[in-house]
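Enquirer:
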Amino acid sequence: MKCNICGKEKAVLYIQEIIGNERRQIHICKECEINGNIIEKCLELEFNNIDTIFPNYKSLPSKKKKKKTPHSNKICKVCGYSLDDFLKTGVVSCPKCYEYFKSEISKHIKKIHRENKHIGKISSRNLTNKDIESKINKYREEIELFIKIEKYEEAALIRDKLEHLKKDLISKKTKSEKKDVR
């Protein structure tokens, strides 16, 4: 960020003022801070707002409220919770919110989890050998993909799951061989 006063140097001091819903910021370089004794003025706490420190600087950038979104007027008729509240918190207020915001919640869940229904986990003990082998192949493909896009931590997590499945498959095959011998 460049200095808002001289417009030349890199800012090293950031001052922010919040009044109500309006936020104003000013970015100041070292040279302008020294020339204006800004830190001393701030430490004295004798100012009511930024204009006290910068009486000649009227063009401070202002950040206005966000414009209303198309769904900002959608409200649950039971509890009064808005769709915007859900989108900010990720939590609904009452059971009826699920009905009122059903399509938006579904889109939100799909965006996060890639799927909007819960499949759950099946213990590898309950899977057949063929299912486990299929899952192993799927994990191998995922590892290759994560390595290609340089997401090594995700690849390592999948690798650990893969190793666990391989062990389960080996122990399952060993148990079935022991049953065949008897």
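Taking numbering that gives the first Met the number 0, the leading residue of the sequence shown gets 0, the next gets one more, and so forth.
C-beta: ideal position from N, C-alpha, C; glycine also.
(1) For the beta strand (DSSP E) containing His80, list its first residue and its last residue.
(2) For the putative contact between Ile18 and Ile25, defined by C-beta atoms under 8 Å, what is the C-beta separation to the nearest angstrom?
(3) Counting beta carbon pairs with one atom in the segment 133-144 and one in the segment 89-101, are three or more of them shorter than 8 Å?
(4) On a CA-only basis, which of Asp130, Thr127, Asp159 is nearest Cys141? Give me that one, please.
(5) Classify Ile4 as helix, strand or coil using the three-state DSSP reduction.
(6) Is the distance from the Cβ of Glu114 to the Cβ of Leu82 below 7 Å?
(7) Just the Cα atoms here: how many angstroms apart are Thr88 and Tyr80?
(8) If we ignore side chains and look at the alpha-carbon of each, how far apart do Lys57 and Lys150 end up?
(9) Going by DSSP in three states, Leu126 sits in which element: helix, strand or coil?
(10) Taking Cβ to Cβ, would you say Ile146 is nearer than 7 Å to Ala154?
(11) Please indicate yes or no: does the CB of Ile33 lie closer than 6 Å to some heavy atom of the ligand GTP?
(12) Can you check which of these residues, Lys172, Glu32, Ile131, is closest to Ile4 by C-alpha distance?
(13) What is the rounded straight-line gap between the Cα of Lys73 and the Cα of Arg22?
(14) Could you check if Asp130 is buried or exposed, using at least 16 other CB atoms within 10 Å of its CB as the buried criterion?
(15) According to DSSP, what are the bridge partners of Ile14?
Expert: So, from the data block:
(1) Here the sequence assigns Tyr to residue 80, which means His is not the residue at that position. Taken as a continuous stretch (DSSP letters only), Tyr80 belongs to no beta strand (DSSP E), as it is neither H nor E.
(2) Taking C-beta atoms under 8 Å as the contact rule, Ile18 and Ile25 fail to qualify, at a distance of about 14 Å.
(3) In short, these stretches do not touch, since the Cβ pair count stays below three.
(4) A small correction: the amino acid at residue 141 is Glu; Cys does not occupy that position in the sequence shown. Closest by alpha carbon: Asp159.
(5) Looking at Ile4 - three-state DSSP - the assignment turns out to be coil, as it is neither helix nor strand.
(6) Cβ atoms of Glu114 and Leu82: not closer than 7 Å.
(7) Here the alpha carbon of Thr88 sits roughly 11 Å from the alpha carbon of Tyr80.
(8) Here the model assigns Lys57 a pLDDT of 49, short of 50, so the residue's position is not dependable, and the following value carries that caveat. The C-alpha of Lys57 lies about 47 Å from the C-alpha of Lys150.
(9) Residue state, collapsed to three classes: coil.
(10) Between Ile146 and Ala154, the gap from beta carbon to beta carbon is short of 7 Å.
(11) In the structure shown, the ligand GTP is absent, as is every other ligand, since no ligand is present at all.
(12) When each option's Cα is compared against that of Ile4, the closest is Glu32.
(13) When only Cα atoms are considered, Lys73 and Arg22 end up about 27 Å apart.
(14) Taking all protein chains shown into account, Asp130 has fewer than 16 neighbouring C-beta atoms within 10 Å of its C-beta and is therefore exposed.
(15) DSSP lists Ile25 as partners of Ile14.
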